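Chains A, B and C are the protein sequences, given in the same order. Residue numbering for the first sequence follows my numbering, starting at 2 and increasing by one per position. Residue numbering for the second sequence follows my numbering, starting at 120 and increasing by one per position. Residue numbering for the third sequence follows my numbering, starting at -5 and increasing by one per position. Presented below is the structure to which this report refers.
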Amino acid sequence: MAALLEAEGLTAGYGQTAVLHGLDFAVEERGVTALLGANGAGKTTTLRAVSGMVRTGGALRLAGERIDGRATEEIARRGVAHVPDGRGTFMELTVEENMRLGAYTRRDRAEVEADFERVFGYFPRLRQRFRQQAGTLSGGEQQMLAISRALLLRPRLLLLDEPSFGLAPLVVQEIFGIMRRIREEQGVGILLVEQNASLALDFADQTYLLETGRIVVSGPAADIRRDESVRRSYLGY
Amino acid sequence: MSATEEIPATPVLAQASPRSAMANWQRGALVLLGSAAALAPIFVLESFQLFQLTMAVIMALAVLGLNIVTGYNGQISLGHGAFYAVGAYATAILMSHGDWSFWATLPVSAAVCAGLGYAVGFPALRLGGLYLALTTFSLAVAVPQILKHRAIEDWTGGVQGLFLVKPDPPSWLPVDADQWMYLVALGVSAVLFLLSWNLIRSRVGRALMAIRDNPTAAEAMGMDIATLKTRAFAVSAMITGIAGSLGAVVIEFVAPDSFGFGVSISLFVGMVVGGVASIAGSIFGGLFVLFVPNIAEEVSKAAPGVIYGAILILFLFLLPDGFAGLLRRAAARWRRVAARNGDGP
Amino acid sequence: MDGLAHQLIAGIATGGIYASVALALVMIYQATHHVNFAQGEMATFSTFIALTLIQAGLPYWVAFVLTVAISFALGVAIERLLMRPVQHAPVLTHVGVFIGLLLIVGNLTGWVFGYTTKVFPSPFESEGLLFGGLVSGHELGSTVVTLAVLLLVYLFFRHTSLGLAMRAAAYNPASSRLVGIRVGWMLALGWGLAAAVGAVAGMMVAPVVFLDPTMMLGILLYAFAGALLGGIDNPMGAVVGGFAVGVLENLAGAYVVGTELKLTVALAIIIGVLVVRPSGLFGRVVLSRV
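Shown next, in the form of C-alpha cells:
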C-alpha cells in the first residue's frame, strides 16, 4: 500500500541554519504517525517543511506526487490541512469566518454545509460561539476552531502541531477523544507532533523520535510504548 | 510562533568603515590631489557651469544632512526640503530686510534649523518608520502654502519672494563673485563633511547606527534613545538648513514655489542613489540631483520626474547601497585581486 | 445660518472624496502595512484617462465604468511588477519605491496628457442650487456616488467569499496560505480595488477643482489625515475620518484659518493624531512585545 505521505532525505532550515538533516518517514493512508522529541528537535520544522513554509531539500511525496518546493497554498489545495503551532487563528475574524476560510477552496456547497454540521457534532461549543470574534475564545476553544478549520478543507492529510500545548488536562483529553472519532469517521491520515509523549503514543500507529534534526528511533507506537529503555532515555518516563 | 518562509533581506548598509591601511604619505597625497581637483574648476569652468557645480556642492551638503537622520539613524524624513527652505528664508530675510552680511546669517540659520529639527524630532520619537515618512511628507507638501501665508508676507515677500545679492569676494583674492561663492560653498561643505565624518566614526555615530539597526537592543543596552534621536534630527536639520542658506545666496532669490515637496523628494532620491548612510554617497547624490534633471530636461519637461522615479526604483531593486556601495565593492574586489597577485609565485 | 449649513454640506461632499481615497489607502495599508504615497497620482492619471475617453465621444457613464476597469487592471499590474519584488525589503526601500511610483505616475500624467488645466464634465445637473440653495447638483450627486461605492466595497468585503479571503490575507498571510489562499493575488486584487476607488474619487472631484497633473496631491494629504484620524487599520474608521476631515477642513477654512492655509489643517490633524492617539479614533491599539 503506497503511503499517503513519504519523506526521503528531508532537509530543511532557516536562512543559513540547517535544522533537519535528512529525515525518512511516512504516514499511511488513514494512519496516525507521531513525531516525538524534545524542544528544538525539529518537530515543528518538519511540519512546516511538509507545508512548504520553509526551504527544503530531499523529497516529499503526497500520494506519490512530489510536493517539495511547492508553495504552501498549492500544497493546501492538494488536501493537506495544517494546524500550526499557536493555532494560526484569524483573531480579528469571527468563528464563522474562520470556519468558512477553511472551506475557501472548495466548490461543493452542499458537502461543505454537511461538513459544517459534522464539525458542530464534534465541537458543539463552536455553534454557540459562531458569531463571536475568534480572539475572544479560550485556548481550548481556539484549538477546536483550528482543528475544525482544518477539517473543513476535507483534507487527505492532517498536520497537527502540538494540539495539547497550553491546554488544561481535561480539555486535552476531550480534544484527543474527538480526534479519535475524527480518525475513525473521516479516514484522514494524521501527522501529529506532540511533546506529550504518552498521549501521542496512545493515539498513534507509527512513531518517529527526533533529536536535533535526526530520527533516532522509529517503530510502531505500541512497541515504543512497551520499550522501557527508549521511554526512559528519550521520553523521560 | 508564526511561520516564516525566509528571513527578510536587509540591505548591506555601511557601518563605520574600518581604518584603511594607507600609509600617511598616501593619505597626504590623496588630500592634496583632492584639494587640487576641488579647486580646479575655478580656473577651468565658465561662469554658468561653475554656478551649477556650486549648486551640486550645496545639494551634496543637503543630502548629507538627510543622510545623518535617515541613512545613519533610520528615521525616514521625506520633508527635509522644509529645513532647506527655512535655512534659505532665514538668510534671505536677514540679508534682505536687515542688511546683514551673509556670514552673519549662517549661525542664525544654523540655530533656527537646529531648533526646528529638534522640535520635529520630539513627535518623531513616537512615530515608526512609515508614519514618520507620512508626516514629513505632509510637511513637505504643506510648506509652500505656509510660506505664502498672508500673516508673514511682510517678511517672506509672499508669492513674489525675496531677492538677494551675492556677497563680494574679499579684495585680496583675485576671484569674481561666482568663483568666490564656489569657494565659500566648498569651504563650508568641507568643514561640515569633515565634522560629520568624525561624528559617524565616533561612539555617537555607532550609537546612531545601533538605534537604526536594532532599536530594542540599543535601548536594552542603556542608550538614551530619545536624546540621540532628537539630536540627530537637530544636527541633520542644521546641515540641510545651512545648505539652504548657501543655495539662497547663490541663486540670489527665494520664493515659496521653489520649495515644494520636489526638493524633499530630490534629496531623498539623491541619498538613495548616492548611497544611503555614506558620506561619499552624499557627494554623488548631490551631483546626481543637480545634473540628471538638467540632462533629462533636454528630453521633455516630464522626463526628469519619470527618469528620477525610474532610477530610484532601479537602484532600490538592484543597487540598494547606491553608487558609493558600488564603488566600495569594486574597490574591495580590486584590493583582493591586487593582494592575490602580490602573493603569487 | 445658511452659510454654516452650506459649509457643512460642502464639507460632507468633499469628505466623501477624502473618505474614498482614505479607504483606498487603508485597504493597501491593511494588506501590506505600507502607505501608498502614489495613490493620488494614480487617481489623477485615471481621471485623465476618463477625460480622454469622454473627449473621444463615449457617453459619460460608459467612460466612467471603463476608467474604473482600466484603473483596476493598472493597480493589479503595479502590485505584481513593482511591489512583489520588494515585499521583504526594509521600510526605507518600500517608501522609496512608493516615492518612485509617485514620480513616475505623476510626471507621466503630464507627459501624456499635457500640463494645461482642463475642465472635467460632471454628469450631474450643476445649474442652480437644490434644496433652497443648500447644495449643488454635483455636490449631491458626487456624495451619492461616493457613498454608493463605499457601500459596495463594504458589502464586498463583508459578504463575499473573495472579500473574506482578502481580509484574511491582510490579517494573517501565513494562516491564509494554509487554507489555500493565494496571498500574492489577494494583494494584487487589493491594489486593483484601491486604484478603482481612487479613480472614482478623482472623477468626482475633478469637476470642482479642475483637472491638472497636481490635482490630487492636496487631496491625498486630506485622505491621509482622514485615514489616520479614523485609524489606519480600520476601513470603517477611515471612511468616518475622511468625512470628518472634509467637514473640519471646510469649517476651518471658512471660519478659522482662511482658505490659503487649508493644507496646514490637514498637517495639524496628522500630527495631532499621531502624537495624541496614534491608533486613531477607531483603530486597534497595537502593543509591541519586546
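Glycine is no exception: its CB is placed at the ideal position from the N, C-alpha and C atoms. In this text, all values refer to a predicted model and were calculated from it rather than measured experimentally.
Could you check whether Leu161(A) and Leu193(A) sit closer than 9 Å to each other, using their CB atoms as the reference points? yes
(request) Please go through the same chain and pick out, in chain order, the residues whose beta-carbon is closer than 7 Å to the beta-carbon of Arg150(A), but skip the five residues on each side of it. (result) Asn99, Met100, Leu102, Gly103
Buried versus exposed call for Leu215(C) [16 or more other C-beta atoms within 10 Å across all chains shown]: buried
- Item | Cβ-Cβ separation, Val388(B) to Tyr476(B) (assumed contact under 8 Å), whole Å | With chain B covering 120 to 464 only, the question about residue 476(B) has no answer from this structure.
Neighbouring residues, chain A, relative to Ser273(C) (Cβ below 9 Å):
The contacting residues do not exist; Ser273(C) stays about 14 Å from chain A at best.
Chain C contact residues for Ser494(B), given Cβ-Cβ distances below 8 Å:
For chain B, the structure presents residues 120 to 464; residue 494(B) sits outside this window and is missing.
* Measuring only between beta-carbons, confirm whether Thr87(C) sits less than 9 Å from chain B. => yes
**OP:** Can you tell me which of the three DSSP states Phe107(C) falls into?
**Re:** helix
Exercise for review: Starting from the beta carbon of Arg101(A), find every residue of chain C whose beta carbon is closer than 8 Å, and list them in chain order.
Suggested key: Ser155, Leu158
message = For Val284(C) and His83(A), what's the separation of their Cα atoms in angstroms?
response = Confidence in Val284(C) is poor, its pLDDT being 40 and thus under 50, which makes the residue's placement unreliable; the coordinate value appears in the next sentence. Those two C-alpha atoms are separated by around 28 Å.
- [ ] Could you tell me the distance, in whole angstroms, from the CA atom of Ser14(C) to the CA atom of Ser155(C)?
- [x] 23 Å
If we define contact as Cβ-Cβ less than 9 Å, is Ile226(C) a contact residue for chain A? no
Under the DSSP definition of a beta bridge, which residues are partnered with Asp162(A)? Val194(A)
_To the nearest angstrom, how far is the alpha carbon of Leu202(A) from that of Arg128(A)?_
31 Å
Worksheet item: On the premise that Ala207(B) lies in contact with Ser355(B), defined as a C-beta separation below 8 Å, what is that separation, rounded to the nearest angstrom?
Response: The Cβ separation is near 16 Å, so there is no contact.
Does the stretch 116 to 135 of chain A come within contact of the stretch 185 to 193 of chain C, defined as at least 3 CB pairs closer than 8 Å?
-> no
- prompt: Given a threshold of 16 other Cβ atoms within 10 Å of its Cβ, counted over all protein chains shown, does Asn143(B) qualify as buried or as exposed?
  reply: exposed
Notebook entry, point to check: When DSSP labels each residue in this structure, what does Gly256(C) get in the three-state scheme?
Noted result: One point to set straight first is that residue 256(C) is Lys, not Gly, in the sequence displayed. The answer is helix: DSSP assigns Lys256(C) an H, G or I state.
- prompt: Cα separation between Arg171(C) and Arg107(A)?
  reply: 15 Å
task = Leaving out five residues on either side along the sequence, give the residues of the same chain with a beta carbon under 7 Å from the beta carbon of Gly200(B).
result = Ala259, Val262, Phe378, Phe380, Val382, Ser383, Leu386
| task | Would you mind telling me which residues of chain A sit closer than 9 Å to Ile175(C), beta carbon to beta carbon, in chain order? | result | Glu74, Ala77, Leu102, Tyr105, Thr106
- Query: So which of Ala32(C), Asp206(C), Ala168(C) has the shortest CA-CA distance to Phe114(C)?
  - Reply: Asp206(C)
DSSP-derived helix/strand/coil call for Gln207(A)
strand
Contacts that Pro79(C) makes with chain B (C-beta to C-beta distance below 9 Å) = Phe436
Quiz item: From the beta carbon of Val91(C), is the nearest beta carbon of chain B less than 9 Å away?
Solution: yes
At a CB-CB cut-off below 8 Å, which residues of chain C make contact with Pro242(B)?
Ile265, Leu268, Val269
Checking 9 Å against the spacing of the C-beta atoms, do Ser321(B) and Gly190(B) come in under that value?
no
- Item | Local Cβ density within 10 Å of Leu242(C), reported as buried at 16 or more and exposed below that | buried
**OP:** Compare the Cα-Cα distances from Glu175(A) to each of Gln207(A), Val113(A), Arg126(A) and report the closest residue.
**Re:** Arg126(A)
- prompt: In chain C, which residues lie less than 7 Å from Phe91(A) when you measure between Cβ atoms?
  reply: Ala162, Tyr165, Asn166, Ser169
Item to complete: For Asn101(C), return the contacting residues in chain B, with the cut-off set at a CB-CB distance below 9 Å.
Response: Lys420, Ala421, Ala422, Pro423, Gly424, Val425, Ile426, Tyr427, Gly428
- Would you call the CB atoms of Asn244(C) and Gly5(C) closer than 9 Å? yes
Straight-line gap, Ala450(B) to Leu437(B) (C-alpha atoms, nearest Å):
18 Å
**Study point:** Residue-chain proximity (Val113(C), chain B), Cβ-Cβ < 9 Å
**Key:** no
Cutting at 8 Å between CB atoms, please list the residues of its own chain near Asp224(A), excluding the five before and the five after it. none
Notebook entry, point to check: Closest to Gly9(C) by CA distance: which of Val80(C), Gly224(C), Ser273(C), Tyr148(C) is it?
Noted result: Gly224(C)
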